[in-house]
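Here's the structure, in structure tokens; my notes come after.
Residue numbers (the working numbering): -6 to 342.
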């Protein structure tokens, strides 16, 4: 058993030498541990757990006995001049933050006195007790029906129409009404940012892949039913809609009109398709025995890119047995048109 004076001498030597493997401590004290006196120092600062273990790693490597960790207090032993010492680290108390509202309904939680449950660890959704009970009832009901074979398991993200009475029709007759009802419920909600959608998608994945002990099955299955079977398809529908909007916004701003004698025949995304329409209509006017040659005359301003400008179709037709035939302007024209993104009153005049 080391006497206090021996420990004090070892402390003086330790302070003079300051070995490189020893992290900085807030203070040293000579403490009685069980039946002996030891050197005891608290790790300096307020580091996070990962940083604390990085600082303590060199001490652990030199230790002849393992460190202790009760979940709150970490003690790493060392020896100096025959005296036992330790550097200890106290984990900060982690307090859960109660959100302002329930994750699945508008019920106030923070400072409102309403009972709530957290569906998992830190970062998991927090819901009010009535929502938890509803989720449990729905899960029990769906599980029972599935066991009887009356309700197939979901196999894909098929969107379901929202209804206040809980019935989800697959037809399209009531979609406008149901969409209006959904907008009414979400009137006070702000549009989701890209970061929020990505974070919610990550939560859906984490819930699906979450590993948990058997006694948490009830809550985890409820959460999986809410986040996976419902939120997943909703997010997929949102992302598909945004992708379609982006596709439409990236569509060509120029279309090509095929016409004959100023009468429109059709609009096309490319000049080649518009010309094909005109050429087909021209050839239909003559029998197969006639020799028909045709070509396009483009604007002089677009000679380098002829298909970008207005073009007129010329033809030289030689009926069978009649030479030399004749050449004329057919009246077929392909005209490029700029698609306006907004109404221009001056351009309309």
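Quick reminder that beta carbons are idealized off the backbone N, C-alpha and C, glycines included.
Residue i versus residue j: straight-line alpha-carbon distance, rounded
i           : j           : result
residue 62  : residue 29  : 20 angstroms
residue 112 : residue 177 : 28 angstroms
residue 255 : residue 330 : 14 angstroms
residue 9   : residue 64  : 33 angstroms
residue -2  : residue 24  : 12 angstroms
residue 57  : residue 90  : 41 angstroms
residue 352 : residue 335 : The requested residue 352 is not part of the displayed model; the chain covers only -6 to 342.
residue 127 : residue 60  : 47 angstroms
residue 73  : residue 117 : 46 angstroms
residue 229 : residue 235 : 10 angstroms
residue 11  : residue 3   : 12 angstroms
Span of the beta strand (DSSP E), counted from its first residue to its last, around residue i
i           : result
residue 268 : Unbroken run through residue 268 is the alpha helix (DSSP H), 264 to 276; no beta strand (DSSP E).
residue 290 : 284 to 291
residue 305 : 304 to 311
residue 93  : Per DSSP, residue 93 belongs to no beta strand (DSSP E) and is neither H nor E.
residue 323 : 319 to 331
residue 35  : 29 to 36
residue 72  : 66 to 73
residue 83  : 76 to 83
residue 111 : 109 to 111
residue 121 : 119 to 121
Continuous alpha helix (DSSP H) stretch holding residue i: start and end
i          : result
residue 24 : Looking at the DSSP string, residue 24 is not in any alpha helix (DSSP H); the run it does join, the beta strand (DSSP E), is 18 to 26.
residue 53 : 42 to 55
residue 2  : -3 to 10
Close Cβ partners of residue i (< 6 angstroms) along its chain, the five nearest in sequence each way excluded
i           : result
residue 326 : 252, 305
residue 271 : 251, 306, 325
residue 313 : 282
residue 267 : 249, 251, 261, 327
residue 67  : 82
residue 93  : 103
Any C-beta of chain D under 8 angstroms from that of residue i
i           : result
residue 249 : Among the chains in the structure shown there is no chain D, since it carries only a single protein chain.
Contact set for residue i: own chain, Cβ-Cβ below 7 angstroms, skip 5 residues either direction
i           : result
residue 276 : 285
Residues that residue i bridges to, as DSSP identifies them
i           : result
residue 58  : Answer by DSSP bridge pairing: none, since residue 58 is not bridged.
residue 252 : 257, 326
Cutoff 8 angstroms; reference residue i; Cβ partners in own chain excluding five residues on either side
i          : result
residue -4 : 30
Decide if the stretch 77 to 84 is in contact with the stretch 17 to 35; the criterion is three or more beta carbon pairs, one per stretch, under 8 angstroms apart. The stretch 77 to 84 is in contact with the stretch 17 to 35.
With three or more beta-carbon pairs closer than 8 angstroms as the criterion, would you say the stretch 316 to 333 touches the stretch 232 to 243? Result no; under three Cβ-Cβ pairs closer than 8 angstroms.
Three or more C-beta pairs closer than 8 angstroms, one from the stretch 3 to 22 and one from the stretch 39 to 54: is that the case here? Contact between the stretch 3 to 22 and the stretch 39 to 54 is present, because at least three Cβ pairs lie under 8 angstroms.
Any contact between the stretch 91 to 105 and the stretch 120 to 127? By contact I mean 3 or more CB pairs, one from each, below 8 angstroms. Short answer: they touch.
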